[in-house]
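Trainee:
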Amino acid sequence: MLKDITLGQFFPGNSLLHKTDPRIKLIILTVYLIMVLAANTLVSIAAIAMITFVLVLVSGINLKIIAKSLKPLLFILIFTAVINVFFMKGDNILFEWYFIKIYKEGLMNAVLMITRLISLITGTSVLLTYTTSPLELTDAIERLFSPLKKIKVPVHEFAMMMTIALRFIPTLIEETDKIISAQKARGADFETGGLLKRAKALIPILIPLFVSAFRRADELAEAMECRCYKGGEGRTKMKQMKSHPADYVFLLVMIGLCVAVYFINSADFLI
Amino acid sequence: MNSLSFKNVSVVYGEGTPFRKVALENINIDFPTGEIIGIIGHTGSGKSTLAMLSNGLLKPTSGNIFLENTDIWEKPKEIGKVRSKVGIAFQYPEYQLFEETVFKDIAFGPKNMGLSEEEINERVKNAAKFCGIDDASLKKSPFELSGGQKRRAAIAGVVAMDPQVLVLDEPAAGLDPLGREEILGGLISYQKQKGSTMILISHSMEDIAKYCDRILVLKEGGVFMYGTVGEIFMQAELLFGASLDLPQITKLFIELKKRGLTENTDVYTVRYAKKEIEKFLQ
Numbered sequence: 023m024l025k026d027i028t029l030g031q032f033f034p035g036n037s038l039l040h041k042t043d044p045r046i047k048l049i050i051l052t053v054y055l056i057m058v059l060a061a062n063t064l065v066s067i068a069a070i071a072m073i074t075f076v077l078v079l080v081s082g083i084n085l086k087i088i089a090k091s092l093k094p095l096l097f098i099l100i101f102t103a104v105i106n107v108f109f110m111k112g113d114n115i116l117f118e119w120y121f122i123k124i125y126k127e128g129l130m131n132a133v134l135m136i137t138r139l140i141s142l143i144t145g146t147s148v149l150l151t152y153t154t155s156p157l158e159l160t161d162a163i164e165r166l167f168s169p170l171k172k173i174k175v176p177v178h179e180f181a182m183m184m185t186i187a188l189r190f191i192p193t194l195i196e197e198t199d200k201i202i203s204a205q206k207a208r209g210a211d212f213e214t215g216g217l218l219k220r221a222k223a224l225i226p227i228l229i230p231l232f233v234s235a236f237r238r239a240d241e242l243a244e245a246m247e248c249r250c251y252k253g254g255e256g257r258t259k260m261k262q263m264k265s266h267p268a269d270y271v272f273l274l275v276m277i278g279l280c281v282a283v284y285f286i287n288s289a290d291f292l293i
Numbered sequence: 124m125n126s127l128s129f130k131n132v133s134v135v136y137g138e139g140t141p142f143r144k145v146a147l148e149n150i151n152i153d154f155p156t157g158e159i160i161g162i163i164g165h166t167g168s169g170k171s172t173l174a175m176l177s178n179g180l181l182k183p184t185s186g187n188i189f190l191e192n193t194d195i196w197e198k199p200k201e202i203g204k205v206r207s208k209v210g211i212a213f214q215y216p217e218y219q220l221f222e223e224t225v226f227k228d229i230a231f232g233p234k235n236m237g238l239s240e241e242e243i244n245e246r247v248k249n250a251a252k253f254c255g256i257d258d259a260s261l262k263k264s265p266f267e268l269s270g271g272q273k274r275r276a277a278i279a280g281v282v283a284m285d286p287q288v289l290v291l292d293e294p295a296a297g298l299d300p301l302g303r304e305e306i307l308g309g310l311i312s313y314q315k316q317k318g319s320t321m322i323l324i325s326h327s328m329e330d331i332a333k334y335c336d337r338i339l340v341l342k343e344g345g346v347f348m349y350g351t352v353g354e355i356f357m358q359a360e361l362l363f364g365a366s367l368d369l370p371q372i373t374k375l376f377i378e379l380k381k382r383g384l385t386e387n388t389d390v391y392t393v394r395y396a397k398k399e400i401e402k403f404l405q
């Protein structure tokens, strides 16, 4: 039941996006996000949609998977559309019926917001989570933020905590499943009763889960100490990250597109 | 009389996805009332899936499961009743403990069944006795106990529900020989007193041969062999085909048979072996 959660799922592959240096990918993602949020005309948001679509194609990720990842957002998307269409005021009335007034501006804003949201989610997944393994990702974050070490920010430790947290998500999900089965076998009932009763029914799951999470943390800490782990100082990496000229070309293209989107915005030739 | 019967039961995980996996295929078995049935099989042979099916934690993809001739999925809303009739202690059950005291934890099952205070008290005391938990430990927090005692407390929590069928998934895994003996011995004496049906899942052929009346050997989601302990050990050599290990004394007799010194391989206890050896020495 809980196994269906696809949190930050990584799909191994061999596409251009998989091969790009994760550090550069993080910077590209930043540029991409600026671009998506900057786009505020129909033409520029159409351009963004095109760019996102090209990124999806390049990543080689199945379109069905993308559609599935957007499913939980459906409610928010519809909600945004309704709010914009019915409640935004403008100058050009398209449709009027009793108290309902739909303006051209509202309709356009709805299209803009929805495309923007879909692009944000799809772009982030395709650029980062779907095409970068969690290990690469935390490694890249550590490298990118390493200048902060100079002002005594424990960058390595944060990255290590992130890695461990990601590593243990599936383990804890499996554990939760087991505990739920065991308590159900003892007649625990999670499906009926009011809110308070249901909340109380969670106690037999949460306590064993916390106990085992702490136990695991303890064991892991000991195992790490046994192997002489003592933080990031003087620690070397087996896999060195290398960036290729192609990575920089990719980055430059994205920056170029970002600038282009900015100019399309100010060109203002539709509205 | 059969307490639990499986008719054409199949379980498929992840149907319609690339991860499709057949866990059990067309299982037909009857578990007679009042017997101890051992289930043995290699990792991934479907033992735990079978346990989950027996009390409705898992619904079979096809086929029916009968508890005393009633289909357990006939009224899906009343599956809770089935769960109080078929008790399962999962592998490493000590991780399910959560209450303030051992007593309260053992009482969790009976309480969910809606029994009276007195009845609960009696059942907890009784279950604790069979599982070897003394009165002092009942008042302790379950997290203060040692590993072996935690295991006992958790199993007692299932025994206290007084199920008609008690399913134990590797109850003795990871315990020292004395602890194994005590836990299994206590459960057997409980079973003898109540006359309930017990299903013991284990990797250890030695334990199974020692305690069970009947053995079910699973292989790759299907029934490989099913019969009384004597019947299974008559064809002991076949068990190697299911990648199972045999008791050492049986291995010895298989070797003796190869050399033409004996006819029997249904030897699984040292006492019986002694008798056999004395016979051909005469």
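Taken in sequence, the protein lines are chains F and C.
Be aware that the first sequence starts at 23, since it is given in the numbering used here, and climbs by one per residue.
Be aware that the second sequence starts at 124, since it is given in the numbering used here, and climbs by one per residue.
We put the CB at the ideal spot given by N, CA and C, even for glycine.
(1) Please name the residue in F:I46, F:I227, F:I115 whose C-alpha comes closest to that of F:R208.
(2) What three-state label does DSSP hand F:I293 in the structure shown?
(3) Below 8 Å on the Cβ atoms is my contact criterion, and I expect F:F108 with F:I122 to pass it. Report the Cβ-Cβ distance as a whole number of Å.
(4) For the alpha helix (DSSP H) that contains C:N192, what are its first and last residues?
(5) Using a Cβ-Cβ cut-off of less than 9 Å, give me the residues of the region 182-211 of chain C that come near chain F, in sequence order.
(6) Under DSSP, the alpha helix (DSSP H) around F:Y54 begins and ends at which residues?
(7) Listing by chain order, which chain C residues have their CB less than 8 Å from the CB of F:I201?
(8) By how many angstroms is the C-alpha of F:S147 removed from the C-alpha of F:V104?
(9) Please work out which residues of its chain come closer than 7 Å, Cβ to Cβ, to F:T42, disregarding the five sequence neighbours upstream and downstream, and give them in chain order.
(10) C:F356 to C:T156, Cα distance in whole Å?
(11) For F:L142, I'd like the list of residues in its chain whose CB is within less than 6 Å of its CB, leaving aside the five on either flank, ordered along the chain.
(12) Which class does C:A146 belong to by DSSP, given the choice of helix, strand or coil?
(13) Any beta carbon of chain C sitting closer than 7 Å to that of F:S234?
(14) Rounded to whole angstroms, what's the CA-CA distance from C:M328 to C:D285? Just pull it up for me.
(15) Short of 7 Å in beta carbon distance, which residues of its chain neighbour F:I56, apart from the five on each side in sequence? Order them along the chain.
(16) Tell me the DSSP secondary structure of F:M23 in three-state form.
(17) Judging by CA-CA distance, which residue of F:K261, F:L150, F:R138, F:T198 is the nearest neighbour of F:I225?
(18) Just to confirm the assignment, what range does the beta strand (DSSP E) spanning C:R337 have?
(19) Using a beta-carbon distance below 7 Å, is F:K206 in contact with chain C?
(20) Cβ of C:H165 within 7 Å of Cβ of C:S366?
(21) In this structure, how does DSSP classify C:T320 when only helix, strand and coil are distinguished?
(22) I need the straight-line Cα distance from F:L170 to F:H178, nearest angstrom please.
(23) If you follow the beta strand (DSSP E) that C:I162 is in, where does it begin and where does it stop?
(24) Assuming C:C254 and C:V282 are in contact, meaning their beta carbons sit under 8 Å apart, how far apart are those beta carbons, in whole angstroms?
(25) One question on the structure: do C:V290 and C:A174 come within less than 7 Å of each other, judged by their Cβ atoms?
(26) If we count the other Cβ atoms within 10 Å of its Cβ and call it buried at 16 or more, is C:F231 buried or exposed?
(27) Out of C:S128, C:G344, C:A259, C:R382, point me to the one whose CA is closest to C:D153's CA.
(28) Taking Cβ positions only, does C:N149 come closer than 7 Å to chain F?
(29) Between which two residues does the alpha helix (DSSP H) holding C:V288 run?
(30) If you compare alpha carbons, which of F:P230, F:D161, F:A223 is closest to F:M260?
(31) Would you mind listing the beta strand (DSSP E) stretches within the region 91-122 of chain F that are 3+ residues and don't spill past its ends, in chain order?
(32) Are any of the Cβ atoms in chain F nearer than 7 Å to that of C:F363?
(33) Nearest chain F C-beta to C:G137 closer than 7 Å, yes or no?
(34) Determine the contact status of F:V283 and F:S66, defining contact as a CB-CB distance below 7 Å.
(35) Is C:E138 near the ligand SAM, judged by its Cβ being under 6 Å from some heavy atom?
(36) With 8 Å as the C-beta to C-beta threshold (strictly closer), list the residues of the region 258-276 of chain C near chain F in chain order.
Mentor: Walking through what the data contain:
(1) For F:R208, the nearest C-alpha among the options comes from F:I227.
(2) With a pLDDT of 49 at F:I293, under the threshold of 50, the modelled position of this residue cannot be trusted, and the question is left open.
(3) Confirmed, Cβ separation roughly 7 Å.
(4) No alpha helix (DSSP H) contains C:N192, which DSSP labels as neither H nor E.
(5) Answer in chain order: G203, R206, S207, V209, G210, I211.
(6) Boundaries of the alpha helix (DSSP H) harbouring F:Y54: 44-60, taken from the DSSP string.
(7) Within chain C, the residues placing a beta-carbon under 8 Å from that of F:I201 are Y218, Q219, ordered along the chain.
(8) Take the alpha-carbon of F:V104 and the one of F:S147: they are about 26 Å apart.
(9) Excluding residues up to 5 positions away in sequence, D269, F272 lie with their Cβ nearer than 7 Å to the Cβ of F:T42 in the same chain.
(10) C:F356 and C:T156: Cα-Cα distance of roughly 22 Å.
(11) Answer for F:L142: V58, listed in chain order.
(12) For C:A146, the three-state secondary structure derived from DSSP is strand.
(13) Interface residue (Cβ-Cβ distance to chain C less than 7 Å): F:S234 is classified as such.
(14) Put simply, the backbone Cα of C:M328 is about 27 Å away from that of C:D285.
(15) Result list for F:I56: C280, in chain order.
(16) Bear in mind that a pLDDT of 43 at F:M23, under 50, signals an unreliable position, so the number given afterwards is only what the model happens to contain. Collapsing the DSSP output to three states places F:M23 in coil.
(17) Of F:K261, F:L150, F:R138, F:T198, the residue nearest in Cα terms is F:T198.
(18) Unbroken beta strand (DSSP E) run through C:R337: 337-342.
(19) Judged by the 7 Å Cβ criterion, F:K206 is in contact with chain C.
(20) Yes; because the gap between Cβ atoms is below 7 Å, this pair is in contact.
(21) In the structure shown, C:T320 adopts extended strand secondary structure according to DSSP, grouped into three states.
(22) For F:L170 and F:H178, the distance between alpha carbons rounds to 10 Å.
(23) The continuous beta strand (DSSP E) containing C:I162 extends over residues 159-164.
(24) Contact holds; Cβ gap of about 6 Å.
(25) In this structure, C:V290 places its C-beta atom within 7 Å of the C-beta atom of C:A174.
(26) With 16 or more neighbouring CB atoms inside 10 Å of its own CB, C:F231 falls in the buried class.
(27) Per the Cα distances, C:S128.
(28) Chain F, which has no Cβ nearer than 7 Å to the Cβ of C:N149, makes this no.
(29) Not the alpha helix (DSSP H): C:V288 falls in the beta strand (DSSP E), residues 288-292.
(30) Looking at the Cα atoms, F:D161 is the closest of the given residues.
(31) Complete beta strand (DSSP E) runs here, min 3: 115-119.
(32) The beta carbon of C:F363 does not come within 7 Å of any beta carbon belonging to chain F, so the residue lies off that interface.
(33) C:G137 is outside the set of residues whose beta carbon lies under 7 Å from a beta carbon in chain F.
(34) Yes, the pair counts as a contact, with Cβ atoms nearer than the cut-off.
(35) The model on display carries no ligand, and the ligand SAM is accordingly not part of it.
(36) Residues of the region 258-276 of chain C with a C-beta atom less than 8 Å from some C-beta of chain F are F266, listed in chain order.
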